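Heads up: the sequence shown runs through residues 1 to 351, numbered per UniProt numbering.
Ideal placement from N, C-alpha and C gives every residue a C-beta, glycine not left out.
Keep in mind it's a predicted model, so treat the numbers as computed, not measured.
This report refers to the structure that appears directly beneath it.
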Amino acid sequence: LYDLSGFVRLHPGGEQLLRRRAGTDVSAALDGPPHRHSANARRWLEQYYVGEIEPGDEQVPPRGRTGTRVGTGYRGTQGYLQAMWGASGAGSRVNKGYADLVDWQKPLLWQVGYLGEKYDEWVHQPVDRPIRLFHSDFLEFLSKTAWYVVFMVWMPVVLYLSWVSYTSLAQGNTRLFSSFTTEYSIPVHKYYFPFIFLLGMILWSLLEYLIHRFVFHMKPPASNYYLITLHFLLHGQHHKSPFDSSRLVFPPVPASLVIGFFYGVLRLLLPEVLGLSVFVGGLCGYVIYDMMHYYLHYGSPKKGTYLYGLKAYHVKHHFEHQRSGSFGISTRFWDYPFRTLIPEETFKKED
């Protein structure tokens with residue numbers, strides 16, 4: 001018997017799918033269709049194990065009454081949504097030893113480097129529990145962020161810099177290639193601002209893909225304590241605890257350092273106003289990315305919508321294809337040319 005009441009809204013297939021199957025044996029459903037659940041998904045289910053149900057008490061609650069107890073033979077079960085997993089899964093209390101490789105009562109950041117060769121497998125076995133990184137309460141506070149803080153901090157910056165960029169372009173003093181030649185330089189009019197802004201958003205989406213794939217998903221050498229620690233700080237923590245709501249968006253303090261770096265690069269490559277226009281478009285793309293990333297973990301998009309498919313796609317990255325694909329988050333576009341798109345599962349029709 002598994003109590004899924006704490007997971008029902010997070011289920012990639014939707015809340016209603018779990019509610020319809022409350023109190024039933026879901027052994028066959030785990031093998032699909034619509035998709036086969038991975039070993040990590042089955043391991044995830046084990047976290048909600050509450051006990052065995054007595055034979056003959058497999059009662060399905062009446063429609064519309066998913067709030068009732070399920071399995072009257074099991075004493076003490078009070079969850080409002082339980083699902084039974086039959087013999088095909090009941091024996092898979094998988095890899096419990098990996099949960100004991102670290103002391104969860106202490107900050108994890110300084111422990112993970114000692115895992116060595118076990119780190120890569122351990123970090124890609126997700127758990128449903130919060131993570132503490134630092135001993136210092138102040139550093140721990142800076143490492144956590146509510147989703148709305150990103151919007152509140154950066155959207156006013158986007159609006160202000162957009163106004164500055166547009167009014168600066170309106171003065172008519174901005175020209176492309178003016179540092180090389182004045183005769184063939186190209187004037188940049190204020191009417192170009194929306195297109196430059198859009199270019200910045202597109203460049204951000206590419207940068208999002210490249211950082212996620214080649215930085216966040218680098219495989220640190222098993223012998224290097226510091227690179228393992230760095231990987232866990234940057235992204236490993238998110239894969240270990242993908243539903244830790246305070247660690248799904250980038251905290252503003254470290255984000256400001258990264259954002260400042262990219263602004264400096266654009267200032268070196270482009271005229272000041274032009275670089276600022278591209279930058280503000282990229283910054284807007286970043287805010288959209290962070291908001292969407294949070295929603296893909298905690299939102300409940302309607303079945304059949306674009307976000308529903310994107311949520312299922314992203315969850316596959318967390319539970320099955322961590323190393324091989326689905327590196328686009330706000331869009332799948334860049335997974336196509338880089339050939340990291342996760343293929344859709346197909347099931348042969350039974351006779």
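### Message
Across the region 258-266 and the region 303-311, are there enough close Cβ pairs to call them in contact, namely three or more that are closer than 8 Å?
### Response
Contact annotation: the region 258-266 does not touch the region 303-311, with fewer than three C-beta pairs closer than 8 Å.
### Query
Would you report the Cα separation of Leu230 and Ala146, rounded to the nearest angstrom?
Translated into the one-based positions of the sequence shown, residue 230 becomes position 230. Translated into the one-based positions of the sequence shown, residue 146 becomes position 146. Rounded to the nearest angstrom, the gap between the Cα atoms of Leu230 and Ala146 is 22 Å.
### Query
Cα-Cα, which of Thr331, Ala312 and Arg339 is closest to Gly325?
Taking the sequence shown and counting its residues from 1, the one referred to as residue 325 is at position 325. It is Arg339.
### Message
DSSP three-state label for Ile329, please.
### Response
In the sequence shown, the residue the question calls residue 329 occupies position 329. For Ile329, the three-state secondary structure derived from DSSP is coil.
### Query
Expressed to the nearest angstrom, what Euclidean distance is found between the alpha-carbon atoms of His189 and Val278?
Position 189 of the sequence shown, counted from the start, is the residue given in the question as residue 189. Position 278 of the sequence shown, counted from the start, is the residue given in the question as residue 278. Rounded to whole angstroms, the separation of the alpha carbons of Val278 and His189 is 14 Å.
### Task
Please go through the same chain and pick out, in chain order, the residues whose beta-carbon is closer than 7 Å to the beta-carbon of Pro242, but skip the five residues on each side of it.
If you number the sequence shown from 1, residue 242 lands on position 242. Beyond the five residues adjoining it in sequence on each side, Pro242 comes within less than 7 Å, by CB distance, of Pro126, His297 and His318 in the same chain, given in chain order.
### Query
Taking the alpha carbon of Ile202 as the point to measure from, which residue in Gln47, Leu341, Arg9 and Tyr286 has its own alpha carbon closest?
Here the question's residue 202 lines up with position 202 in the sequence shown. Of Gln47, Leu341, Arg9 and Tyr286, the residue nearest in Cα terms is Tyr286.
### Task
For Ala52, count neighbouring C-beta atoms within 10 Å of its own C-beta (all shown protein chains included) and say buried if the count is 16 or more, exposed if not.
For the purposes of this step, residue 52 is taken as residue 52 along the sequence shown, with counting starting at 1. In the sequence on display, residue 52 carries Glu and not Ala. Of the residues assessed, Glu52 falls on the exposed side of the cut-off, its CB having fewer than 16 other CB atoms within 10 angstroms.
### Message
Report the CB separation of Ile342 from Met292 in whole angstroms; it is logged as a contact under 8 Å.
### Response
Here residue 342 corresponds to residue number 342 of the sequence shown, with the count starting at 1. Here residue 292 corresponds to residue number 292 of the sequence shown, with the count starting at 1. Incorrect: roughly 18 Å between the Cβ atoms, too far for contact.
### Query
What did DSSP end up calling Glu128 once you bin it into helix, strand or coil?
By 1-based counting over the sequence shown, the position of residue 128 is 128. According to the sequence provided, residue 128 is Asp. The question's Glu does not apply to it. If DSSP states are grouped into helix, strand and coil, Asp128 belongs with coil.
### Task
On a CA-only basis, which of Trp163, Tyr289 and Ala255 is nearest Tyr209? Give me that one, please.
Start at 1 with the first residue of the sequence shown, and residue 209 comes out as number 209. It is Tyr289 whose Cα lies nearest to the Cα of Tyr209.
### Query
Which same chain residues, not among the five before or five after Tyr226, have their C-beta less than 8 Å away from its C-beta?
Start at 1 with the first residue of the sequence shown, and residue 226 comes out as number 226. Excluding sequence neighbours, Tyr226 sits near Gly113.
### Message
Using the three-state DSSP reduction, which class does Asn336 fall into: helix, strand or coil?
### Response
For this step, residue 336 is matched to residue 336 along the sequence shown. Reading off the sequence shown, one finds Tyr at residue 336, where the question assumed Asn. Here Tyr336 sits in coil by DSSP.
### Task
Locate the alpha helix (DSSP H) running through Leu233, then write down its first and last residues.
The residue you call residue 233 lines up with position 233 of the sequence shown. It is not in any alpha helix (DSSP H) - Leu233 carries neither H nor E in the DSSP assignment.
### Task
Counting only the same chain and skipping the five closest in sequence on each side, list residues whose C-beta sits under 7 Å from that of Lys316.
Indexing the sequence shown from 1 puts residue 316 at position 316. Correct list, in chain order: Ser326 and Ile342.
### Query
Residues in its own chain within less than 6 Å of Lys96 by CB, not counting five upstream and five downstream?
For this step, residue 96 is matched to residue 96 along the sequence shown. Caution is warranted here: a pLDDT of 47 is assigned to Lys96, below 50, making its placement in the model unreliable, and the coordinate value is therefore given only provisionally. Here the set comprises nothing.
### Query
Hey, how far is the Cα of Ser27 from the Cα of Thr331?
Residue 27 sits at position 27 when you count from the first residue of the sequence shown. Residue 331 sits at position 331 when you count from the first residue of the sequence shown. Rounded to the nearest angstrom, the two C-alpha atoms are 33 Å apart.
### Task
Reducing DSSP to helix, strand and coil, say where Ile186 ends up.
Along the sequence shown, one-based indexing puts residue 186 at 186. If DSSP states are grouped into helix, strand and coil, Ile186 belongs with the strands.
### Task
Note the first and the last residue of the continuous alpha helix (DSSP H) segment covering Glu272.
On the sequence shown, residue 272 is found 272 positions in, with the first residue counted as 1. Element bounds for Glu272: Glu272 to Tyr298.
### Task
Count the other CB atoms, across all protein chains shown, that sit within 10 Å of the CB of Val8; report buried if there are 16 or more and exposed otherwise.
In the sequence shown, the residue the question calls residue 8 occupies position 8. Buried: at least 16 other Cβ atoms inside 10 Å.
### Coil, strand or helix - Tyr2 by DSSP
Walking along the sequence shown from the start, residue 2 turns up at place 2. Tyr2 falls in the strand class under three-state DSSP.
### Query
Does DSSP put Asp25 in a helix, a strand or coil?
Walking along the sequence shown from the start, residue 25 turns up at place 25. Asp25 sits in a strand when the DSSP states are folded into three classes.
### Query
Between the C-alpha atoms of Lys106 and Val273, what's the straight-line distance to the nearest angstrom?
Within the sequence shown, residue 106 is the residue found at index 106, counting from 1. Within the sequence shown, residue 273 is the residue found at index 273, counting from 1. Approximately 48 Å, taken between the alpha carbons.
### Message
Here's the rule I'm using: 16 or more other beta-carbon atoms within 10 Å means buried, otherwise exposed. How should Asp351 be labelled?
### Response
Start at 1 with the first residue of the sequence shown, and residue 351 comes out as number 351. With a pLDDT of only 38 at Asp351, under 50, the local geometry of the prediction cannot be trusted, and the value read off the model is given with reservation. Classification of Asp351: exposed, given that the 10 Å Cβ count is below 16.
### Query
Whole-angstrom Cβ separation of Val280 and Ser165, contact assumed at under 8 Å?
For this step, residue 280 is matched to residue 280 along the sequence shown. For this step, residue 165 is matched to residue 165 along the sequence shown. That pair is a contact at about 6 Å.
### Selection from Glu121, Leu4 and Met152 that minimises the alpha carbon distance to Arg21
Position 21 of the sequence shown, counted from the start, is the residue given in the question as residue 21. Comparing Cα-Cα distances from Arg21 to each of Glu121, Leu4 and Met152, the minimum goes to Leu4.
### Task
List the endpoints of the continuous alpha helix (DSSP H) containing Thr145.
Position 145 of the sequence shown, counting from 1, holds the residue named residue 145. Premise fails: Thr145 is in no alpha helix (DSSP H) and is neither H nor E.
### Message
Helix, strand or coil for Tyr49? Go by DSSP, reduced to three states.
### Response
The sequence position of residue 49 within the sequence shown is 49, counting from 1. Looking at Tyr49 - three-state DSSP - the assignment turns out to be strand.
### Query
Taking the alpha-carbon positions, what's the Gly23 to Leu1 distance?
One-based indexing of the sequence shown puts residue 23 at position 23. One-based indexing of the sequence shown puts residue 1 at position 1. The straight-line gap from Cα to Cα measures roughly 9 Å.
### Enclosing alpha helix (DSSP H) for Arg20 [first to last residue]
Locating residue 20 in the sequence shown gives position 20, counting from the first residue. DSSP places Arg20 in the uninterrupted alpha helix (DSSP H) bounded by Glu15 to Arg20.
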